Amino acid sequence: FVGIVLIEKLLRSCRDLNTIYLVVRQLNGQNPNERVKEMFTSPFFDRMKMENPTYRSQVQVVRGDCFQPNIGIDEVDLRRIESKINAIIHLATVDTSDNHPYCMLHMAICTNVRATRDLIVLTKRFQNLKAFVYMSSLFTNPSILDVYEQFYNSPIPASTVIQMVEALPDYILNRVTSGLVSEWPDVVTFTKALSEQIIQSAGPELPACIIRPGFVLGTANEPIAGWMNDLNNLTGCALGSGLGLVRIFHGPSSVNAEIVPVDMLVNLLLVACWELIGNRTDIVNEEVPKDTVNTLIYNYASSNFKPCSWNQLGEKFFKNEKNVSSPNFFWMPFYYVTNSKFIYWIMTFYLHTVPAKVVDLFIWLIGKEPRQVCQVSSYLYNFCIL
């Protein structure tokens, strides 16, 4: 999602860019080149194609897979690109949206943590590398009230966790995951914290910076307003709420909703990359010892400038809902946030489960397979707990 917006921004705004190397894995029977070709058919790229008709010559696809050792790039491709890489923007992350937050530990560690470690090892072959930008998460340190732009100690070494998931079978990992990840809201933020630890251990030899965004929403302005290609986030919640499908949320209503638009996040990624290259160049020219160079960290959130609680967010949403309402809504929109698990489950039963079962009954009566309860329950479990 973020990667697509980043590619569009680079091709539209940086037309003198030499080459973008995209590391893409095979998925659902499509090879990497087919996936990239399909990606560019999206209307999201229409403006970019008008402004940069020769964009395709600036994009090269590299077969890879962050789940595999050395991120799945073969030696031939490494030799082809190792002298041409100036900057790396590492966005890859595992998607656990369709699973319990504490599942998929093996996949998450390999994709988010081991891949970061292996990529940093590979950077030693990139003679011209000037910037390594890693997208982390604002929620990698949930036990800390005031999160500053600095590294925080992790209770367990990343190398130990990698060795553990490589050695133990999944059924054992599933048993220990909840205890291992108990301080974090889910596996993804846990692995992001470990990845930050790996970048910290790489030391000043790696020209790195870390971006910690909050909840990422659709585009605010560029190239079009309100675009996104994935409903597994807060925008999906807003859509479900606007259609009357999602009506009750569990969480502290007075807490700030740390939401950021994806196009502004992409701007930060690019500016941070540019700033990193400039700073490192100045430091080298001034012959400052490398051990005095710190890894730059940027927290990207909304609370310091435009604070907005979850309740206020809901009020703003429904204030504008009448102007942008869909004619296909399922039920009159309703939005309620509660910090009580008891109230949450009671209201979930009456406002989600019962209506879904009624819909299932009608679907069954017309001879089709009922599935609404399963879909709504899965959706709510992952995205209605703030």
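Letter by letter, the sequence shown follows residues 1 to 386 of the UniProt record's numbering. We put the beta carbon where it would ideally sit given N, CA and C, even for glycine. Note that the coordinates shown come from a computational prediction; the quantities given were computed from them, not determined experimentally.
Query	Result
Indicate the three-state DSSP secondary structure (helix, strand or coil) for residue 229 in the structure shown.	coil
Decide yes or no for the touch test of the region 163-180 against the region 117-132: beta carbon pairs closer than 8 Å, at least 3 of them.	no
Kindly indicate which three-state DSSP category residue 285 falls into: helix, strand or coil?	In this prediction, residue 285 has a pLDDT of 44, which is less than 50 and means its spatial position is unreliable; nothing more can be read from the coordinates.
Near residue 193, what residues of its chain come up, given a Cβ to Cβ distance below 6 Å and the 5 sequence neighbours on each side ignored?	140 and 154
Kindly identify the DSSP beta-bridge partner or partners of residue 27.	30
To which residues of the same chain is residue 298 closer than 8 Å at the C-beta, ignoring the five residues directly before and after it?	149, 209, 210, 211, 212, 268 and 272
Exposed or buried, residue 42, counting other C-beta atoms within 10 Å across all chains shown (16 or more means buried)?	exposed
Helix, strand or coil for residue 338? Go by DSSP, reduced to three states.	strand
Output yes or no for whether 8 Å exceeds the beta carbon distance between residue 247 and residue 335.	yes
Is it right to say residue 112 is buried, meaning 16 or more other beta carbons lie within 10 angstroms of its own, or is it exposed?	buried
Just to confirm, is the Cβ distance from residue 134 to residue 106 under 8 Å?	no
Compute the Euclidean distance between the alpha carbons of residue 87 and residue 359, then round it to the nearest angstrom.	51 Å
Give a yes or no on whether the C-beta atoms belonging to residue 266 and residue 23 are separated by under 8 Å.	no
Within a Cβ cutoff of 6 Å, which residues of the same chain sit near residue 227, ignoring the five residues on either side of it in sequence?	44, 218 and 219
Ignore the nearest five residues each way along the sequence and tell me which others in residue 49's own chain have a CB closer than 7 Å to its CB.	55
Measuring alpha carbon to alpha carbon, tell me which residue in 174, 120 and 214 is nearest residue 147.	214
With a threshold of 16 other CB atoms inside 10 Å of the CB of residue 115, please say whether the residue is buried or exposed.	buried
Going by alpha carbons, who is nearest to residue 73 out of 64, 145 and 52?	64
Answer with buried or exposed for residue 223, where buried requires no fewer than 16 other C-beta atoms within 10 angstroms of its C-beta.	buried
Taking only the alpha-carbon atoms, compute the straight-line gap between residue 189 and residue 137 and give it to the nearest angstrom.	7 Å
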